[in-house]
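S.K.: Take a look at the following structure, please.
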Amino acid sequence: MSNQGSSRALLAAGLLLCGLPIAAQERFLPSAATVVLASSVHASGATAGSLRALDQAWRAQPQDLSAAVAYARAVFTLGFSEGDLRWFGSAKAAMAPWWQAKELTADGFFMRGLVKQGFHDFAGGLQDIQQAIGLQAQRAEFWSWRFALHLLLADMRAAEQDAQEIDRLFGPAEAQIYRAVLHYRTGQASAAVKLLRESMRAAEHQGASSQVWIGFHLGEALRVAAQPEQAINVWQQSLQAQPKAHLLRLSLAELLNQQGRFKEAKAVATGPANKATSSLTDALLVQALLASRGLKSADETLLAGQMQARLQSQALRQEALIERPKLIYQIAYGHDMAAGLALSVENWQLQKEPPDALLFAQAALALKQARVAEPVVNWAQATGYTEPALRELIGQLTAHPSWSKEGP
47 MSNQGSSRAL
57 LAAGLLLCGL
67 PIAAQERFLP
77 SAATVVLASS
87 VHASGATAGS
97 LRALDQAWRA
107 QPQDLSAAVA
117 YARAVFTLGF
127 SEGDLRWFGS
137 AKAAMAPWWQ
147 AKELTADGFF
157 MRGLVKQGFH
167 DFAGGLQDIQ
177 QAIGLQAQRA
187 EFWSWRFALH
197 LLLADMRAAE
207 QDAQEIDRLF
217 GPAEAQIYRA
227 VLHYRTGQAS
237 AAVKLLRESM
247 RAAEHQGASS
257 QVWIGFHLGE
267 ALRVAAQPEQ
277 AINVWQQSLQ
287 AQPKAHLLRL
297 SLAELLNQQG
307 RFKEAKAVAT
317 GPANKATSSL
327 TDALLVQALL
337 ASRGLKSADE
347 TLLAGQMQAR
357 LQSQALRQEA
367 LIERPKLIYQ
377 IAYGHDMAAG
387 LALSVENWQL
397 QKEPPDALLF
407 AQAALALKQA
417 RVAEPVVNWA
427 QATGYTEPAL
437 RELIGQLTAH
447 PSWSKEGP
């Protein structure tokens, strides 16, 4: 799995829980093919056990590193694929005995690094993943997540070096996808589209997980290249093939909302079974809320209340991590623009991603504090990243009367 097939996943903040009831685990019991992170970046890994078996093995020997890593890997992957961030807390609980360890296996360093970045310790996560690479440089997934973190931190030079190493170690077909991702994140979306279309047709990438991963990036590249209808078509096809892919569902719902196609966005957010909104992830719930507002639907108040209740519950648990659904609710939905801007300032110090840039700029403009969003303008100039919505917002920021004033 690559990042932006996983970049949004790396931004997720898990709930700091020590354990989950069996009922919750049964609800999210995955197939054997999806329990373990892929041994290569594209192919789905195989495992003989179920999540329950991995859970039981870990609980029987919580000081056994291999058992802990296997369980942590399973639940971390599950949290990513299902969009249920509680599982990140379970992964951290499994790795807790080795949280300060200086010597670990490659898998131990890698798993601890994934959990650290899940809790926004990006520097620590990157350091652990680098340790894993030092022990086993031939593991494609290690390089994939290193690339992801460099991209998230806007270290494009390091991300390019990662792509070069992937080319050297795993071949040009693998590296081409990473270079395509780097292209659309540095202002070369059209070139990215071409490379990704080639990759989707390549014989070595015809597996389901590869098609979902490449399809996600192709949709992103098309969206960035001002071709939203083509992006929607790509994501619709990919989601039809993999209806449980949370990242695809979320990306499609968000883009449909942005295009004013609220009825479709709401249907995508709630899923083919029209799931009860109370069971949706925070990310899908806030997209359903935006769609309901666009439709002037009677359930908007209900959805807003559900979202507010979740945020209040998080506050009571003193969860300090910033999740994008909270930023969207505060800014895009407009619940509390001032709080959203403050969160954006804090969040941008940790990670630099396009969706966060849009929200940051929107809040600054709404509050007539354009200069506060100067870091976004500098980031866009430094990386070359551009997309229609951000380009318009940056123009509004720099033309705003408050831009010429000294920022706070």
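If you read the sequence shown in my numbering, its first letter stands for residue 47, the second for the next number, and so on.
Just so you know, even glycine gets a beta-carbon here, dropped at the ideal spot from N, CA and C.
1. So, using beta-carbon positions, are residue 257 and residue 284 closer together than 8 Å?
2. Out of 305, 383, 134, which one is the CA nearest neighbour of residue 164?
3. Where does residue 166 fall in DSSP's three states?
4. Quick check: what's the CA-CA separation for residue 304 versus residue 332?
5. Label residue 30 either buried or exposed according to how many other C-beta atoms from any shown protein chain fall within 10 Å of its C-beta, with 16 as the threshold for buried.
6. Give the straight-line distance between the Cα atoms of residue 336 and residue 291, rounded to the nearest whole angstrom.
7. Give every residue of the same chain whose Cβ lies closer than 7 Å to the Cβ of residue 434, excluding the five residues on either side of it in the sequence, and list them in chain order.
8. Taking the continuous alpha helix (DSSP H) assigned at residue 386, which residues delimit it?
9. Report all residues from its chain with a CB closer than 7 Å to the CB of residue 106; omit the five preceding and five following residues, and keep chain order.
10. Tell me the residue span of the alpha helix (DSSP H) that contains residue 434.
11. Ends of the alpha helix (DSSP H) at residue 196?
12. With a CB to CB cut of under 6 Å and the five nearest residues on each side skipped, what residues in its chain are close to residue 235?
13. If we ignore side chains and look at the alpha-carbon of each, how far apart do residue 191 and residue 325 end up?
14. Short of 7 Å in beta carbon distance, which residues of its chain neighbour residue 431, apart from the five on each side in sequence? Order them along the chain.
15. Can you tell me which of 228, 220, 225 puts its alpha carbon nearest to the alpha carbon of residue 248?
16. Helix, strand or coil for residue 253? Go by DSSP, reduced to three states.
17. Note down the Cα distance separating residue 362 from residue 356, rounded to an integer number of angstroms.
18. Please classify residue 145 as buried or exposed, where buried requires at least 16 neighbouring CB atoms within 10 angstroms.
19. Assign residue 372 to buried or exposed, taking buried as 16 or more other Cβ atoms, counted over all protein chains shown, within 10 Å of its Cβ.
20. Residue 279: buried (16+ other C-beta within 10 angstroms of its C-beta) or exposed?
21. Taking C-alpha atoms, which residue in 200, 153, 300 lies nearest to residue 169?
22. Is the beta carbon of residue 387 less than 8 Å from the beta carbon of residue 410?
23. Within the same chain, show all residues whose beta-carbon is closer than 8 Å to that of residue 423, passing over the 5 residues directly before and after it, in chain order.
24. Tell me whether residue 415 sits in a helix, a strand or coil according to DSSP, three-state version.
25. How would you label residue 98, buried or exposed, when you count the other beta carbons within 10 angstroms and need 16 or more for buried?
26. Taking 8 Å as the threshold (C-beta atoms), are residue 209 and residue 193 in contact?
27. Assuming residue 208 is part of the alpha helix (DSSP H), what are its boundary residues?
28. From residue 96 to residue 143, what distance separates their C-alpha atoms?
29. First and last residue of the alpha helix (DSSP H) that includes residue 303?
30. Grab me the residues of residue 448's own chain with a C-beta within less than 8 Å of its C-beta, minus the 5 sequence neighbours each way, in chain order.
31. When burial is assigned at 16 or more other CB atoms within 10 Å of the CB, is residue 370 buried or exposed?
32. Report the residue ranges of all alpha helix (DSSP H) runs contained in full by the stretch 269-355; include only those spanning at least 4 residues, in chain order.
33. Excluding the 5 residues preceding and the 5 following residue 383 in the sequence, name in chain order all residues of the same chain whose CB lies nearer than 8 Å to its CB.
34. Would you mind sorting residue 295 into buried or exposed? The rule is 16 or more other CB atoms within 10 Å of its CB.
35. What residues in its chain sit with their C-beta under 7 Å from that of residue 328, if we drop five residues either side in the sequence?
M.R.: On the basis of the data shown:
1. Yes; because the gap between Cβ atoms is below 8 Å, this pair is in contact.
2. 134
3. coil
4. 13 Å
5. Shown here, the chain extends from 47 to 454; a query on residue 30 therefore has no answer.
6. 21 Å
7. 272
8. 383-394
9. none
10. Where residue 434 is concerned, the enclosing alpha helix (DSSP H) starts and stops at 434-445.
11. Its alpha helix (DSSP H) spans residues 186-198.
12. 267, 270, 271
13. 29 Å
14. Contacts found: 231, 232, 233, 400.
15. 220
16. Coil, per DSSP.
17. 10 Å
18. exposed
19. buried
20. exposed
21. 200
22. yes
23. 440, 443, 444
24. coil
25. exposed
26. yes
27. 202-216
28. 23 Å
29. 292-304
30. In the same chain as residue 448, and ignoring 5 residues on each side of it, the C-beta atoms closer than 8 Å to its own belong to 414, 415, 416, 417, in chain order.
31. buried
32. 274-287, 292-304, 308-316, 328-341
33. 376, 377, 409, 412, 413
34. buried
35. 356, 369, 371
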